[in-house]
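Working notes, structure below.
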Amino acid sequence: MSPCCCSFIDTASQGLLSGVERDYWSSFVENPYKTVLALPNYSKVAFFQKGVPFQLRPLVWQKLILVNQKNLTGIPDEAKVLFKNFQHSYNRDISNQIKKDLTRTFPQMDFFRNQETVDSLLTILNVYANYDLDLGYCQGLLFLVGTLFYQLKDQEATFHSLCKIMECEPELRTIFVPATMSTTLEMWNAEFMSILSGVDAELANHLESFCDCKVFLYQWWLSVTLIHAPDFTVNNRIVDFCLMEGWKVGIFKISLGLLLCNRPILMSFGEGDEEVVYQHLLNESKWGNVINNSTAFFGDMLFSMEESFFTESANDVVPQTLVTPKRKHAHKRTGSSVLGMFKSLAVSASSSPPNEGGLNSTMSFSSTESFGVHESRLSVFSPAKDTESIYSNATSLSWDRQIKSTGRPVSFIDSGSFRTTIEDVAAENETLKSLLKRAYSSVEDEALKREISNVIGV
Numbered sequence: 001m002s003p004c005c006c007s008f009i010d011t012a013s014q015g016l017l018s019g020v021e022r023d024y025w026s027s028f029v030e031n032p033y034k035t036v037l038a039l040p041n042y043s044k045v046a047f048f049q050k051g052v053p054f055q056l057r058p059l060v061w062q063k064l065i066l067v068n069q070k071n072l073t074g075i076p077d078e079a080k081v082l083f084k085n086f087q088h089s090y091n092r093d094i095s096n097q098i099k100k101d102l103t104r105t106f107p108q109m110d111f112f113r114n115q116e117t118v119d120s121l122l123t124i125l126n127v128y129a130n131y132d133l134d135l136g137y138c139q140g141l142l143f144l145v146g147t148l149f150y151q152l153k154d155q156e157a158t159f160h161s162l163c164k165i166m167e168c169e170p171e172l173r174t175i176f177v178p179a180t181m182s183t184t185l186e187m188w189n190a191e192f193m194s195i196l197s198g199v200d201a202e203l204a205n206h207l208e209s210f211c212d213c214k215v216f217l218y219q220w221w222l223s224v225t226l227i228h229a230p231d232f233t234v235n236n237r238i239v240d241f242c243l244m245e246g247w248k249v250g251i252f253k254i255s256l257g258l259l260l261c262n263r264p265i266l267m268s269f270g271e272g273d274e275e276v277v278y279q280h281l282l283n284e285s286k287w288g289n290v291i292n293n294s295t296a297f298f299g300d301m302l303f304s305m306e307e308s309f310f311t312e313s314a315n316d317v318v319p320q321t322l323v324t325p326k327r328k329h330a331h332k333r334t335g336s337s338v339l340g341m342f343k344s345l346a347v348s349a350s351s352s353p354p355n356e357g358g359l360n361s362t363m364s365f366s367s368t369e370s371f372g373v374h375e376s377r378l379s380v381f382s383p384a385k386d387t388e389s390i391y392s393n394a395t396s397l398s399w400d401r402q403i404k405s406t407g408r409p410v411s412f413i414d415s416g417s418f419r420t421t422i423e424d425v426a427a428e429n430e431t432l433k434s435l436l437k438r439a440y441s442s443v444e445d446e447a448l449k450r451e452i453s454n455v456i457g458v
């Protein structure tokens with residue numbers, strides 16, 4: 001554990017955090033996979049309502065990016081080699097465009113005006129443009145990369161995080177790829193407006209009567225809603241939220257939350273006021289009072305939205321409530337929530353017999369509280385076969401082409417079979433339950449106390 005984390009634990013032990021929070025974050029830092037799997041409900045409370053402690057955020061993000069059954073603690077050597085090998089022959093036009101955009105990214109923050117930061121971001125984005133030839137560079141990526149780098153402070157870690165995010169949720173990547181951008185954004189818009197109509201038909205009809213919602217929605221989505229945030233605290237909370245909830249689901253929830261928060265203002269405008277609406281929603285003013293209480297926004301409003309509501313097919317009838325949505329056939333798209341993928345790993349590890357090459361890469365998202373679809377892709381949360389490339393899902397990427405042409409396999413996870421059994425999870429669960437029992441008496445929140453009592457059987 002790093003000195004910063006030890007310092008945080010020591011500070012927290014002086015009474016700034018409850019015993020439950022101290023024990024949770026200590027356990028999470030030690031093994032996030034088993035901690036989130038054993039305490040799924042409290043994990044969401046800790047992330048969204050309590051908030052990730054700022055001292056731990058860089059480590060927490062790295063853990064969530066790297067997390068899988070092997071509990072990796074650092075960037076794979078293959079990823080470091082990849083980052084180094086692509087630092088050459090940059091596309092001149094792309095590089096010049098990145099330089100221009102860097103001066104317009106988070107201009108109010110000294111950190112992003114520092115030349116060392118500018119050079120680092122330029123390198124990361126140039127390397128990614130070389131690596132992902134189909135995507136190249138899109139200005140919106142700069143906001144995500146900038147936010148990641150602000151916390152991680154490391155070029156390799158930021159590049160690796162970007163690659164894994166794009167691998168984890170391929171549909172997110174397609175909104176940045178020129179060949180698929182228009183089609184994907186159109187699909188997202190149809191899905192989102194269907195959701196908005198189901199949640200607040202009056203607001204949806206009112207906006208569509210005189211506005212083109214694509215004008216502001218596309219900007220939000222292409223910047224992962226990180227553009228024009230009034231305070232970097234909001235950017236941090238956005239990434240916290242999307243890492244746990246899944247990127248598309250997270251972006252949709254944040255977009256819906258922003259429109260609902262701005263409902264009184266939006267309903268006051270009408271025909272001829274569309275430019276005023278665009279001006280408001282395309283600037284930091286849309287965040288309104290969120291900046292004064294981000295926990296109420298992320299921890300109450302967004303936290304209360306049912307994830308399955310956002311993973312239904314756009315062709316389904318959208319239910320009129322977020323609280324008790326009717327379950328229908330799932331869209332081929334899924335969210336990439338940490339909890340859902342952890343559950344799929346546990347189910348696969350316990351029920352699928354291992355083969356000579358390791359765990360079967362076809363994983364079933366069979367949890368009834370997660371998704372009703374089947375995935376045959378690998379992600380940051382999945383054990384990879386030795387024959388898979390380091391970023392196995394990005395089949396159109398130059399690194400993948402290079403591997404196929406040379407016939408040299410690259411593995412994200414070290415060779416050898418890795419087995420996680422139900423007994424492992426059960427043992428960890430019992431350990432966490434014992435920690436909860438010790439902290440139970442000091443909990444003042446009655447709702448939380450009831451939830452804990454259900455877990456530990458008090």
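In our numbering, the protein residues as written are 1 to 458. Yeah, the Cβ is synthetic: ideal placement off N, Cα and C, and Gly gets one too. This structure is a prediction, so every number in the text was calculated from the model and none was measured.
In angstroms with no decimal places, state the Cα-to-Cα distance between residue i and residue j.
i, j, result
"V52", "L436", "19 Å"
"S161", "S441", "39 Å"
"G146", "L121", "7 Å"
"M193", "F159", "33 Å"
"E30", "D93", "44 Å"
"A157", "E191", "33 Å"
"G457", "G299", "26 Å"
"L135", "S182", "13 Å"
"T105", "I265", "28 Å"
"D132", "T123", "14 Å"
"V373", "G246", "Only weak support is given to the placement of V373: the predicted model assigns it a pLDDT of 31, under 50, and the question is left unresolved by the model."
"W61", "E430", "26 Å"
"C261", "F252", "14 Å"
"E275", "P107", "25 Å"
"R450", "L259", "33 Å"
"S43", "L432", "12 Å"
"L152", "Q87", "20 Å"
"S453", "A38", "15 Å"
"K34", "W25", "12 Å"
"M166", "I65", "11 Å"
"S434", "V45", "19 Å"
"K100", "A201", "41 Å"
"L465", "S89", "Residue 465 is absent from the model: the chain starts at 1 and stops at 458."
"E208", "Q279", "16 Å"
"C213", "K286", "14 Å"
"N189", "V215", "11 Å"
"C163", "G272", "43 Å"
Taking the continuous alpha helix (DSSP H) assigned at residue i, which residues delimit it?
i, result
"A190", "178-199"
"K34", "32-38"
"N454", "446-456"
"P58", "57-66"
"T174", "170-174"
"I265", "263-267"
DSSP state of residue i, grouped into three classes?
i, result
"T117", "helix"
"S86", "Checking the displayed sequence, the identity of residue 86 turns out to be Phe instead of Ser. DSSP places F86 in coil when its eight states are reduced to three."
"R104", "coil"
"N236", "helix"
"C211", "coil"
"S442", "coil"
"Q151", "helix"
"S411", "Its pLDDT being 32, under 50, S411 is placed unreliably by the model, and the measurement read from it follows with that caveat. Residue state, collapsed to three classes: coil."
"L282", "coil"
"S18", "coil"
"G246", "coil"
"C138", "coil"
"A204", "helix"
"A129", "helix"
"L226", "coil"
"S434", "helix"
"N91", "coil"
Could you check how far apart the C-beta atoms of residue i and residue j are, in whole angstroms? I think they sit under 8 Å.
i, j, result
"F210", "F48", "F210 to F48, Cβ: 34 Å. No contact."
"T233", "S294", "6 Å"
"S255", "W220", "6 Å"
"M267", "L203", "7 Å"
Find out if the Cβ-Cβ distance for the pair residue i, residue j is shorter than 8 Å.
i, j, result
"P32", "K63", "yes"
"S95", "N126", "yes"
"L226", "L148", "no"
"Y137", "I98", "yes"
"I175", "L217", "no"
"A296", "D23", "no"
"G140", "V199", "no"
"G467", "M301", "In the structure as shown, the chain starts at 1 and stops at 458, and residue 467 therefore has no counterpart that could be examined."
"F310", "I238", "no"
Quick one: is residue i near chain B, going by C-beta distance under 8 Å?
i, result
"S209", "Here there is only one protein chain, and chain B is not present."
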